[in-house]
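Chains as they are written, first to last, in my numbering: chain A, 596 to 938; chain B, 596 to 938.
Protein chains: 2
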Amino acid sequence: MASSRRITINDVAEAAGVSVSTVSLVLSGKGRISSATGQRVNDAVARLGFVRNHQAAALRGGQSGAIGLIVRDLSHPFYADLAAGLSEALEQQGRMLFLTQSGSGGQYRQRCFDSLLAQGVDGIVIAGGGDDGGLLRAQAEQHQIPLIFASRAAYPDETEAVRPDNMQAARLLTEHLISRGHQRIAWLGGRSASLTRAERLGGFCATLMQYGLPFHSEWVLECEATQRDAARQVVALLRHNPTITAIICHDSIAATGAWFGLLRAGRYSGEGGMESYFDSQIALAAFAGVPEAALDDIPVTWATAPARDIGRSAAAHILQWGNDRAKTPGCHTVPARLVLHQG
Amino acid sequence: MASSRRITINDVAEAAGVSVSTVSLVLSGKGRISSATGQRVNDAVARLGFVRNHQAAALRGGQSGAIGLIVRDLSHPFYADLAAGLSEALEQQGRMLFLTQSGSGGQYRQRCFDSLLAQGVDGIVIAGGGDDGGLLRAQAEQHQIPLIFASRAAYPDETEAVRPDNMQAARLLTEHLISRGHQRIAWLGGRSASLTRAERLGGFCATLMQYGLPFHSEWVLECEATQRDAARQVVALLRHNPTITAIICHDSIAATGAWFGLLRAGRYSGEGGMESYFDSQIALAAFAGVPEAALDDIPVTWATAPARDIGRSAAAHILQWGNDRAKTPGCHTVPARLVLHQG
DNA sequence: ATGAAAGCGCTAACAG
DNA sequence: CTGTTAGCGCTTTCAT
């Protein structure tokens, strides 16, 4: 049964008693083929165990059916989820995904790009990091191949990109807290240079305004990316501003640190198993890079950056771009989702 | 600058004033080419911005340079790390990775397999799930393409596979505890039907024997995959066996649950910030599917299943198999690493 | 509705 | 050392 030679469309044609072009037409479902012939061909295909050589098809026909992805490092949950969503969406369309990693510093990006080009991909998705002065975009244009950025950073206007909606995420969190009756809300974490943080703060501020609540800039704290610093800041903040009832945290580290800080200060949040010395409770809300199951036990309301949705969206956009050429590039934004804490 | 036609090896040949075969030889570095000609060709390549069409090369030459990976779901950290290691190792060899997801139940596995075959991959790595009665292995053999399994399950002897060394991981943990002076060690978690658990228990038991310590089967507890159940079990266990000084947990859920249980029972572990009612401490050690940064704050010594190493190893084996045909398949085992808790 | 033939871009014999 | 030539497996006009 194990014939050494590879089975080709010629073998199928012979077995079905038709010509190769007929087989090709049946396979791609293009030409008008009588159902009888179609049947015969399909039988032969099944009988011989023929698998179409997609490379040869691409060589002649054009489309390879593969999309390339460049991520910095797949072991980062955000990129893993993004890749998962991308691959899922592509496979639903019968496409395939070439995965490459550009290194945690993005140092191999050009190499990845070139490899993907050489493999004849129909499009490239770059996740993480910006375009170095439009270099990649220029190359992609030269080779007439769709290129799209998908990550948390911002891009020049002419760049096709998919990114999370930071303002909307902040609005989500803020409205949630307000709807729970909180009016004095603080902000913890992030660096002021961060654009992501700026956008989130914008959404936060806008929502406060919308509900007629004041924005206290002295309640907005930067903090280092350590639980220790977050805990320290929370304790200090609450000591000086005891009327605060809720805190929005920039990330899961800040949130966890804040929780420990609250525990230490005797100001716990939610109905956790710990006892509190005070009746008052501080509500915690936070942004998460990704849904984090391990943090289930901390009473925090999360707004998750929808990495998987971003991947799906990137897939949709790059495929659409492949069909409909000469469209104007732009930035597409993907909304966050609220994940309530399971009491 | 944006010429519409694709640049081929012919253009390069013409520009360099040589023949196509010379260019091909320079590109693949095979034939003995005078350095002068080589230089001219490389110049032309650079000047024209030529990118080699790998599909055409594969069509003629055989090797596509791509390896296919089938994982159940990339958003699972174990598979993500595995994929990361695999892709990393492949790219170092100038290979590429096709990524496919077979769905959380593995329901699309056959489809993934077929797609990869059609793309002409040089080998396939299947992560997660076993071979349905050798079906996939048979197909791979028929198409003469290396197939290797990489996951935590066990496989029939004739199957080429890479998996974590569960016994070694258990020995690592057990020896660690013993070296810290623990002699009365309990086991928490997992289901008795699990082979992984059986192997780990084997390593645990063997190490106890080796150090002349008794194995108490009544200190080995099954438990549900919830923190709640783990906590409950720990409390009950310690109530009835107050001399126990250490617990090995089957996974991070059991470990986290155990920690909460210890806190509740007033038997905390490590130098955490909580107060204890008793002087005695219970040491916690556990197996982790993957290094979990979020759990840094729980005082547990982890043995991590080296997902990334498994990916790397799978890459090495499948590439080697590609070169050296007709080797006997077998199971390769990858050691775990100890991750001590950062006091 | 189907067949014949001309390549896609590249590599691998052979010649020179 | 380098050029000529014949395809790899498939798609796609153009005939029939």
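Where is the CB? At the ideal position from N, CA and C, for every residue including glycine.
Owing to the predicted nature of the structure, the values given are computational and were not obtained by experimental measurement.
Just tell me which of A:Glu609, A:Leu768, A:Leu643, A:Asp676 has its CA closest to the CA of Val895 of chain A.
-> Residue 895 of chain A sits at position 300 when you count from the first residue of the first sequence. Of the listed residues, the one whose Cα sits closest to Val895 of chain A is A:Leu768.
inquiry  = Assuming contact is defined by CB atoms lying nearer than 8 Å, are Val757 of chain A and Ser659 of chain A in contact in what I supplied?
reply    = Counting from one through the first sequence, the residue named residue 757 of chain A turns up at place 162. Counting from one through the first sequence, the residue named residue 659 of chain A turns up at place 64. Cβ atoms of Val757 of chain A and Ser659 of chain A: not closer than 8 Å.
Cβ closer than 8 Å: which chain A residues qualify as neighbours of His649 of chain B?
On the second sequence, position 54 is the one that residue 649 of chain B refers to. Ordered by position in chain A, the residues that pass the 8 Å Cβ test against His649 of chain B are Ala713, Gln714, Gly715.
Span of the alpha helix (DSSP H), counted from its first residue to its last, around Trp854 of chain A: In the first sequence, the residue the question calls residue 854 of chain A occupies position 259. 847-860 is the extent of the alpha helix (DSSP H) around Trp854 of chain A.
| query | Measuring CB to CB, does Arg903 of chain B end up less than 8 Å from Gly680 of chain B? | reply | Translated into the one-based positions of the second sequence, residue 903 of chain B becomes position 308. Translated into the one-based positions of the second sequence, residue 680 of chain B becomes position 85. It is a contact, given that the beta carbons lie within the stated cut-off.
* chain B contact for Glu870 of chain A (CB, 8 Å cutoff) -> Counting from 1 along the first sequence, the entry for residue 870 of chain A is found at position 275. With a pLDDT of 41 at Glu870 of chain A, under the threshold of 50, the predicted position of this residue should be treated as unreliable, though the coordinate-derived value follows. Cβ-Cβ to chain B under 8 Å: no for Glu870 of chain A.
Within 10 Å of its beta-carbon, does Met596 of chain A have 16 or more other beta-carbons around it, so buried, or fewer, so exposed?
Position 1 of the first sequence holds residue 596 of chain A. Caution is warranted here: a pLDDT of 43 is assigned to Met596 of chain A, below 50, making its placement in the model unreliable, and no coordinate value can be reported.
Taking Ala853 of chain A as the reference, which of A:Gly718, A:Thr838, A:Ala880 has the closest Cα? On the first sequence, residue 853 of chain A is found 258 positions in, with the first residue counted as 1. Of the listed residues, the one whose Cα sits closest to Ala853 of chain A is A:Ala880.
#### Entry: Local Cβ density within 10 Å of Tyr872 of chain A, reported as buried at 16 or more and exposed below that
The sequence position of residue 872 of chain A within the first sequence is 277, counting from 1. Unreliable placement is indicated for Tyr872 of chain A, whose pLDDT of 34 sits below 50; no coordinate value is reported for it.
Could you check if Leu669 of chain B is buried or exposed, using at least 16 other CB atoms within 10 Å of its CB as the buried criterion?
-> Working through the second sequence from its first residue, we reach residue 669 of chain B at position 74. Label assigned to Leu669 of chain B: buried.
### Message
Given this structure, state the Cα-to-Cα distance separating Gly715 of chain B from Gly776 of chain B, to the nearest angstrom.
### Response
Here the question's residue 715 of chain B lines up with position 120 in the second sequence. Here the question's residue 776 of chain B lines up with position 181 in the second sequence. Pairing Gly715 of chain B with Gly776 of chain B, the inter-Cα distance amounts to about 56 Å.
* Would you please verify whether the beta carbon of Arg667 of chain B is less than 8 Å from any beta carbon of chain A? => Numbered from 1 along the second sequence, position 72 holds the residue referred to as residue 667 of chain B. So, not an interface residue.
Which residue's Cα is closest to the Cα of Val934 of chain A: A:Ile905, A:Phe882, A:Gly657? One-based indexing of the first sequence puts residue 934 of chain A at position 339. Residue A:Phe882 is the option with its Cα nearest to Val934 of chain A.
Using a Cβ-Cβ cut-off of 6 Å (strictly less than) and excluding sequence neighbours within five positions of Gly798 of chain A, which residues of its own chain qualify? In the first sequence, residue 798 of chain A corresponds to position 203, counting from 1. Counting only Cβ-Cβ distances below 6 Å, and skipping sequence neighbours, we find Met762, Ala765, Arg766.
(Q) Would you say Val646 of chain A lies against chain B (beta-carbon separation less than 8 Å)? (A) As a working mapping, residue 646 of chain A is identified with position 51 in the first sequence. Closer than 8 Å to some Cβ of chain B, the Cβ of Val646 of chain A qualifies, so yes.
Taking one C-beta from the stretch 728-746 of chain A and one from the stretch 686-703 of chain A each time, how about it: are there three or more such pairs within less than 8 Å?
Judged by Cβ distances under 8 Å, the stretch 728-746 of chain A makes no contact with the stretch 686-703 of chain A, as fewer than three pairs qualify.
- Task: With distances taken Cα to Cα, identify the nearest neighbour of Gln705 of chain B among B:Tyr674, B:Thr821, B:Gly644, B:Leu730.
- Result: By one-based count along the second sequence, residue 705 of chain B stands at place 110. Ranked by Cα distance from Gln705 of chain B, the options B:Tyr674, B:Thr821, B:Gly644, B:Leu730 are led by B:Leu730.
Review point. Using a Cβ cut-off of 7 Å, which residues of the stretch 690-706 of chain A contact any Cβ in chain B, in chain order?
Key: Identification of residues in the stretch 690-706 of chain A having a C-beta nearer than 7 Å to some C-beta of chain B yields Met691, Leu692, Phe693, Leu694, Thr695, Gln696, given in sequence order.
> What is the rounded straight-line gap between the Cα of Glu819 of chain B and the Cα of Tyr674 of chain A?
Replying inline: Here residue 819 of chain B is taken as the residue at index 224 of the second sequence, counted from 1. Here residue 674 of chain A is taken as the residue at index 79 of the first sequence, counted from 1. Spanning the two alpha carbons is a distance of roughly 31 Å.
Notebook entry, point to check: Given Ala661 of chain A, which residues of its chain have a CB within under 6 Å of its CB, disregarding the five upstream and five downstream residues?
Noted result: Indexing the first sequence from 1 puts residue 661 of chain A at position 66. Met691, Phe693, Val716.
query: Can you list, in chain order, the stretches of the beta strand (DSSP E) that have 3 or more residues and sit fully within the stretch 703-764 of chain B?
result: With a minimum length of 3 residues, the continuous beta strand (DSSP E) runs that stay inside the stretch 703-764 of chain B are 718-722, 742-745, 756-759.
Give me, in chain order, the residues of the same chain whose beta-carbon lies closer than 6 Å to that of Cys844 of chain B; leave out the 5 immediate sequence neighbours on both sides. The residue you call residue 844 of chain B lines up with position 249 of the second sequence. Counting only Cβ-Cβ distances below 6 Å, and skipping sequence neighbours, we find Leu783, Gly784, Ala850, Ala853, Ala881.
Item to check | Other residues of its chain near Ile719 of chain A: CB distance less than 6 Å, five sequence neighbours each side excluded | outcome: Stepping through the first sequence from its first residue, residue 719 of chain A is reached at position 124. Answer for Ile719 of chain A: Gly663, Leu711, Leu742, listed in chain order.
Q. Are the Cβ atoms of Ala841 of chain B and Ile877 of chain B separated by less than 8 Å?
A. The sequence position of residue 841 of chain B within the second sequence is 246, counting from 1. The sequence position of residue 877 of chain B within the second sequence is 282, counting from 1. Contact: yes.
task = Count the CB pairs spanning the stretch 793-810 of chain A and the stretch 619-631 of chain B that are closer than 8 Å, and state whether there are at least three.
result = Taking 8 Å as the limit for Cβ pairs, the verdict is that the stretch 619-631 of chain B does not touch the stretch 793-810 of chain A.
- Query: Between which two residues does the alpha helix (DSSP H) harbouring Val830 of chain B extend?
  - Reply: Here residue 830 of chain B refers to the residue found at position 235 when the second sequence is read from its first residue. Run containing Val830 of chain B: 822-835, per the alpha helix (DSSP H) assignment.
Next on the checklist: Between which residues of its own chain and Gly884 of chain A is the CB-CB distance below 6 Å, once the five residues before and five after are set aside?
Outcome noted: Your numbering for residue 884 of chain A matches position 289 in the first sequence. Excluding sequence neighbours, Gly884 of chain A sits near Phe673, Ala900.
For the alpha helix (DSSP H) containing Gly797 of chain B, name the first residue and the last one. Position 202 of the second sequence holds residue 797 of chain B. Where Gly797 of chain B is concerned, the enclosing alpha helix (DSSP H) stretches over 790-805.
Query raised in the report: By Cβ distance below 8 Å, which residues in the same chain neighbour Ile839 of chain B in space, the five residues on each side in sequence not counted?
Result: Along the second sequence, read from residue 1 onward, the residue named residue 839 of chain B stands at position 244. Taken in chain order, the residues that qualify are Arg779, Ile780, Ala781, Trp814, Leu832, Leu833, Ile877.
Cβ neighbour criterion (16 or more within 10 Å) applied to His835 of chain A = Against the first sequence, residue 835 of chain A aligns to sequence position 240. So His835 of chain A counts as exposed.
Practice item. Check the DSSP bridge columns for Gly663 of chain A and list the partner residues they point to. Key: Start at 1 with the first residue of the first sequence, and residue 663 of chain A comes out as number 68. According to DSSP, which records beta bridges pairwise, Gly663 of chain A is partnered with A:Phe693, A:Ile719.
_Partners in chain B for Glu755 of chain A, counting only beta-carbon separations shorter than 9 Å_ = Indexing the first sequence from 1 puts residue 755 of chain A at position 160. In chain B, no part has a C-beta under 9 Å from the C-beta of Glu755 of chain A; the shortest such distance is about 17 Å.
For this session: Quick one: which residues of the stretch 676-690 of chain B get their C-beta closer than 7 Å to a C-beta of chain A? List them in chain order.
Result: So the close ones are Asp676, Ala678, Ala679, Ser682, Glu683, Glu686.
Any C-beta of chain B sitting closer than 8 Å to the C-beta of Thr923 of chain A? Your numbering for residue 923 of chain A matches position 328 in the first sequence. Chain B, which has no Cβ nearer than 8 Å to the Cβ of Thr923 of chain A, makes this no.
**Report entry** CB contact check: Pro894 of chain B to chain A, cutoff 8 Å
**Finding:** Here residue 894 of chain B refers to the residue found at position 299 when the second sequence is read from its first residue. No, its Cβ sits nowhere closer than 8 Å to a Cβ of chain A.
Closer than 8 Å, CB to CB, is Asp709 of chain A near chain B or not?
In the first sequence, counting from the first residue as 1, residue 709 of chain A sits at position 114. Closer than 8 Å: yes.
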